[in-house]
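In what follows, a single structure is set out as C-alpha cells and then discussed.
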Amino acid sequence: MPTREWTGEEVAAAAERLVPGSVARTTAGACYLKAEKLVEAIEALRSSPDTDFVHLTNLCGVDYWDHFEVVYHLQSFVRNQICCLKIEVWDREKAVAPSVVPVFHGAWMQECEAYDLLGIRFEGHPNLHRIFLWEGYPGWPLRKDFLSMPGGLQPGLNEFAGTARRPEPATRLVQ
Amino acid sequence: MTDAIKTEPFVLNIGPQHPSTHGVFRIKVTVDGEKVLDAEMVMGYLHRSMEKLAEERTYTQNIPFTDRTDYLSSMANNLGYCLAVEKLAGIGVPARGDAIRVIMAELQRLASHCMAVGAFTNDTGAWQTPVMWAFREREKILDIFEMTCGARLTCNYMRIGGVAFDLPAAFEPAVRKLLRELVPFIDEMEGLLVGNEIFLARTRGVGVLTPEQATNASLSGPLLRGSGIAWDLRKADPYCGYEQYDFDIPIGYQGDSFDRFIVRIEEMRQSIKIIKQALDGLPGGPHSTQVPLALRPPQGEAYARVEGSRGELGYYLVSDDGPSPYRFHIRAPSFINLSALKEMTVGGTVADAIVVLGSIDVVVGEIDR
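Protein chains in written order, with my numbering: chain Z, 1 to 175; chain P, 1 to 369.
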C-alpha cells in the first residue's frame with residue numbers, strides 16, 4: 001500500500017478548515033501558505049487527528065531568480081500519507097521566513113542549511129548560523145546569481161572565495 | 001567530602017580528527033567533570049557543494065555524485081536519485097531491473113550495517129576484533145560489487161531506467177555462497193556482543209529517545225525503529241517491487257543505543273531473506289529501458305525517497321525543462337538524524353557521548369555533502 005500523496009487542493013482544504021485564511025494558492029502537488037500563518041497552520045496540521053502530519057520529512061529552499069520558495073514535506077506514520085507545503089519569500093535582499101523549529105525540532109538543522117546556502121533568514125530560530133561554510137563567507141552559494149554577487153566566487157580554479165581579494169601589501173610607499 | 005571539590009565547566013573538542021567521529025566531524029562538548037552540559041556540532045569540513053555542482057551537469061552525469069555523498073551505501077544513493085529522475089520524467093523500469101536494484105540495495109545495506117555494527121562496537125570499547133570481523137564480511141560483499149560493476153565503494157551502477165549492465169553469470173552462485181556464510185556470522189556477532197556484560201553496560205539506557213522525541217526530531221531509519229515506531233519505507237511506500245517480498249520490520253522498545261544496534265543486526269537477517277527471494281524469482285528480459293542520454297524531463301518537481309541504510313534518503317528535484325536539474329536537494333538521513341544528538345548526550349558522560357554518536361551511525365560525506 002503506497003503512501004498517499006495529498007494533492008494541493010486537499011491540503012489547502014484541510015489548512016483552510018483548521019486555520020482560516022492561511023492558504024495563498026494551490027498547485028497540483030503543493031499548497032502555498034501565507035508566511036505569517038505558516039507556523040500556526042503547520043502546528044494545526046500536526047496536531048489535528050484527521051491530518052496527523054507528525055513528521056517533518058524534508059525542508060529545503062529553492063531560488064527562482066525573483067523569489068525563493070521554502071518547501072516542506074510532512075508525513076503521517078499512522079495514516080501513511082505525505083503532503084507538500086510551500087511559502088514564497090519575495091524580498092531577495094532581506095529574505096526572511098518564519099521558523100518552524102517551535103513545532104518541529106527536526107527543522108533546526110535543515111533551516112540552518114537553507115540559511116547557509118541560500119541566505120534565507122528564519123525568524124524565531126534559536127541558533128541560526130552558517131552550518132557548512134564559515135561565518136563571513138561571501139555570498140550564498142546556492143543562489144542562482146551567486147557568481148555575480150559582490151564578493152562571490154569568480155570562475156576559474158586559482159581563486160577561492162574569501163581569499164581572492166586580499167589587499168595588496170602596503171609596500172613601496174616611500175619612493 | 002565530595003561536595004567540597006569545586007569543579008567548573010570547560011569546553012572539550014571531540015574531533016574533527018578523532019576515531020570515534022567516523023570522519024571529519026566535531027562535537028564541542030561543555031563538560032563539568034565527566035558530565036556533559038552542552039553539545040554543539042561543528043560540521044562542514046567535507047562540504048563539496050554537491051547540490052550546486054549538480055545544477056551544472058546533466059541528469060545522467062549526476063549519478064556519480066550521489067555515490068560520493070554516503071560513500072558506505074552508494075547503491076542506495078544511486079537508487080534514490082534514479083527513482084527521483086524517473087518520477088520526474090515518467091520513466092518505467094523493467095522487472096529484471098527492479099529485481100537487480102533490490103538485490104544490490106539489500107547487499108549494500110548488509111555492507112553498511114556490517115560497518116555500522118563494527119564501528120559501534122569499536123566505540124563501546126570492544127577494540128578492533130569485532131570491527132575486523134565485520135570488515136571481513138563486508139569485504140566479501142564489496143568483491144561481489146566489483147564483479148558486477150567494477151567498483152567496490154563508489155559503484156555508479158544504477159542508471160535512469162534500470163541498471164548499467166546485466167549481472168555476470170558468476171553472480172548468483174557467489175551471492176548464494178555469501179548469504180550462506182553471512183548467516184552464521186550474524187549469529188556469532190550477536191552472540192559475542194549481546195552476551196557481553198561490558199557491552200550491555202555501555203549501551204543499555206544510553207542515549208534514550210522516546211517515540212515522540214524521535215518523531216519530532218525528524219529521525220528516520222534504525223533510530224526511529226529503535227524507538228519503537230515501525231516505519232520502513234520498503235513497507236510503507238514500496239518502490240522497485242518491495243511489496244512482493246516477505247520480510248519484517250524489527251523495532252526496539254527502549255529507544256537506547258542497544259536497541260539501535262539490535263535493530264541493525266535484525267535488519268541484516270531480513271535483508272538476507274529479501275535477497276534470497278529476489279534471487280529465486282529473478283525475472284528475465286531487459287535490465288534497463290532506453291533513455292535518451294540528454295534527458296530533459298518536463299517542467300515540474302519530484303520528491304522520491306528510499307529506505308537507505310541510515311534512514312529515509314530523499315531526493316527533491318526541480319526541472320525547468322533543461323538538460324540539468326534546476327534544483328537538486330538531498331534529504332540526507334545522517335544529517336537530519338544528528339538533530340537529536342544534543343538531546344541524547346546532554347546529561348550523560350563524555351564516554352556515553354561517543355557511544356551515542358556511534359549508535360547514530362553517521363557518514364560525514366552525507367552530512368556535509
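From the three backbone atoms N, C-alpha and C, an ideal C-beta is built for every residue, glycine too. All values derive from a computational prediction rather than experimental measurement.
To the nearest angstrom, report how far apart residue i and residue j are at their CA atoms.
| i | j | result |
| --- | --- | --- |
| P:Gln128 | P:Tyr71 | 22 Å |
| Z:Pro20 | Z:Ala14 | 10 Å |
| P:Cys155 | P:Asn337 | 25 Å |
| Z:Leu157 | P:Asn216 | For Z:Leu157, the pLDDT reaches just 45, beneath the cut-off of 50, and the residue's location in the model is therefore unreliable, leaving the point undetermined. |
| Z:Arg4 | Z:Pro141 | 35 Å |
| P:Ile100 | P:Ile360 | 29 Å |
| P:Ile160 | P:Asn196 | 46 Å |
| Z:Gly124 | Z:Val100 | 8 Å |
| P:Gln270 | P:Asp98 | 18 Å |
| P:Leu219 | P:Gly311 | 8 Å |
| P:Arg68 | Z:Trp6 | 33 Å |
| Z:Met1 | P:Ala151 | 35 Å |
| P:Thr289 | P:Val318 | 23 Å |
| P:Leu79 | P:Lys140 | 21 Å |
| P:Ala202 | Z:His55 | Per the sequence presented here, residue 202 of chain P reads as Arg, with Ala not at that position. Straight-line Cα distance between these residues: approximately 30 Å. |
| P:Asp256 | P:Met41 | 21 Å |
| Z:Ala164 | P:Glu188 | Reliability of the predicted coordinates at Z:Ala164 is poor, the pLDDT of 46 falling under 50, and the value obtained from them is presented with this limitation in mind. Going by the C-alpha atoms only, they are around 56 Å apart. |
If you follow the beta strand (DSSP E) that residue i is in, where does it begin and where does it stop?
| i | result |
| --- | --- |
| P:Met43 | From DSSP, P:Met43 is part of no beta strand (DSSP E); its letter is neither H nor E. |
| Z:His55 | His55 to Asp63 |
| P:Ala304 | Gly300 to Glu307 |
Please state the DSSP three-state secondary structure of residue i.
| i | result |
| --- | --- |
| Z:Gly8 | helix |
| P:Gly228 | coil |
| Z:Ala24 | strand |
| P:Ala76 | helix |
| P:Glu188 | helix |
| P:Val194 | helix |
| P:Glu267 | helix |
| Z:Glu93 | coil |
| Z:Arg166 | Note that Z:Arg166 has pLDDT 44, beneath the 50 cutoff, so the model's placement of it is unreliable and the number below is only indicative. Three-state DSSP puts Z:Arg166 in coil, outside helix and strand. |
| P:Ala170 | coil |
| P:Gly205 | coil |
| P:Arg57 | coil |
| Z:Met1 | coil |
| P:Asp259 | helix |
| P:Val356 | helix |
| P:Lys273 | helix |
| P:Cys240 | coil |
| P:Lys6 | coil |
| P:Pro250 | coil |
| Z:Phe146 | helix |
| P:Arg176 | helix |
What are the partner residues of residue i, as DSSP defines its beta bridges?
| i | result |
| --- | --- |
| P:Met158 | P:Val163 |
| Z:Ser76 | Z:Gln81 |
| P:Gln371 | Coverage of chain P is limited to positions 1 through 369, which leaves residue 371 of chain P absent and any answer about it impossible. |
| P:Arg327 | P:Val318 |
| Z:Cys31 | Z:Thr26 and Z:Leu85 |
| P:Val291 | For P:Val291, which the question treats as bridged, DSSP gives no partner whatsoever. |
| Z:Pro98 | Z:Glu123 |
| P:Lys35 | P:Asp32 and P:Thr349 |
| P:Leu313 | P:Val306 |
| Z:Glu69 | Z:Val62 and Z:Glu88 |
| P:Val11 | P:Thr30 |
Along the chain, where does the alpha helix (DSSP H) containing residue i start, and where does it finish?
| i | result |
| --- | --- |
| Z:His129 | Taken as a continuous stretch (DSSP letters only), Z:His129 belongs to no alpha helix (DSSP H), as it is neither H nor E. |
| P:Gly281 | Here P:Gly281 belongs to no alpha helix (DSSP H), and DSSP marks it neither H nor E. |
| P:Ser218 | First-last for P:Ser218: undefined, no H or E at that position. |
| Z:Val19 | Run containing Z:Val19: none; DSSP gives neither H nor E here. |
| P:Ser370 | No information on residue 370 of chain P is available, as it lies outside the stretch 1 to 369 that chain P covers here. |
| Z:Asp116 | Ala107 to Leu118 |
| P:Cys149 | Thr129 to Cys149 |
| P:Val117 | Ala95 to Thr124 |
| P:Gly365 | Val364 to Asp368 |
| Z:Glu43 | Leu38 to Ser47 |
| P:Ala236 | Leu233 to Ala236 |
| P:Thr66 | Ile63 to Asp67 |
Compute every distance between the C-beta of residue i and the non-hydrogen atoms of the ligand PLP, then say whether any falls below 7 Å.
| i | result |
| --- | --- |
| P:Gly15 | Of the ligands one can find in the structure shown there are none, so the ligand PLP has no counterpart to examine. |
Next item on the list: Could you tell me whether the region 240-250 of chain P touches the region 202-218 of chain P, using the rule of 3 or more Cβ pairs below 8 Å?
Entry: Touching, no, given that fewer than three Cβ pairs across the two stretches are closer than 8 Å.
Checklist line | Given 8 Å, three or more beta-carbon pairs between the region 322-330 of chain P and the region 43-61 of chain P | finding: These segments touch.
Notebook entry, point to check: Are there three or more Cβ pairs, one per stretch, closer than 8 Å when the region 105-120 of chain Z is compared with the region 24-39 of chain Z?
Noted result: The region 105-120 of chain Z vs the region 24-39 of chain Z: no contact.
Notebook entry, point to check: Taking three-plus beta-carbon pairs below 8 Å as touching, is the region 137-149 of chain P in contact with the region 169-182 of chain P?
Noted result: Segments in contact, yes.
Checklist line | Selection of the region 107-132 of chain Z by Cβ proximity to chain B, strictly under 9 Å | finding: Although the question refers to chain B, the structure presented lacks it and instead comprises the protein chains Z and P.
Note to self: Whether or not the region 332-351 of chain P and the region 108-119 of chain P are in contact is what I'm after, with contact meaning three or more pairs of Cβ atoms, one per stretch, closer than 8 Å; do they touch?
What the structure shows: The region 108-119 of chain P is not in contact with the region 332-351 of chain P.
Check: With a cut-off of 8 Å, do at least 3 Cβ pairs link the region 219-232 of chain P to the region 185-203 of chain P?
Finding: Segment contact: the region 219-232 of chain P against the region 185-203 of chain P, fewer than three CB-CB distances shorter than 8 Å; contact not assigned.
Check: Does the pairing of the region 60-74 of chain Z with the region 36-51 of chain Z give three or more beta-carbon distances under 8 Å?
Finding: Verdict: yes, contact present.
Margin query: So, does the region 346-354 of chain P touch the region 80-94 of chain P, judging by three or more C-beta pairs under 8 Å?
Written below: Because the criterion of three Cβ pairs below 8 Å is not met, the region 346-354 of chain P and the region 80-94 of chain P do not touch.
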